[in-house]
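First the structure, in the form of structure tokens, and then the observations on it.
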Amino acid sequence: MTKPTDVRVLSVASTTELIKYRSPIKFGGRVVIDAMLLNVTLEVETRDGKRGQGFGSMPMGNVWAWPTDAISTEQSQAAMLEFARRLVKEVGEY
14 MTKPTDVRVL
24 SVASTTELIK
34 YRSPIKFGGR
44 VVIDAMLLNV
54 TLEVETRDGK
64 RGQGFGSMPM
74 GNVWAWPTDA
84 ISTEQSQAAM
94 LEFARRLVKE
104 VGEY
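Each residue of the sequence shown is one higher than the one before, starting from 14 at the first, in our numbering.
This is the structure we're talking about:
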């Protein structure tokens, strides 16, 4: 059943932002010197024509998500960012 408040995505975009820590921190046996943020903006429209915009930001916590030496920190971060890019693309095409 449809409602007038149902939304459709008009646009979605993402950017990344590197935040350098003032001093290194240690987590799970790894030294962390920065954090990568994924920022997403989204514009939607309801069935009755109202528009809205949103913004969200999430740290790509690869050190927390993959606390292992099986792959490098760079590889785990790249995998998380690629997954996020795919999700943004899918939402934009929905």
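Ideal Cβ placement from N, Cα and C applies to all residues, glycine included.
Item to check | Bounding residues of the alpha helix (DSSP H) (the contiguous stretch that carries residue 105) | outcome: 86-106
Checklist entry - Taking residue 19 as the reference, which of 28, 43 and 60 has the closest Cα? => result 60
Item to check | Which of helix, strand or coil DSSP assigns to residue 78 | outcome: helix
Item to check | Spatial neighbours of residue 70 in its chain, beta-carbon cut-off 6 Å, leaving aside the 5 residues before and after | outcome: Cβ within range, chain order: 50 and 52.
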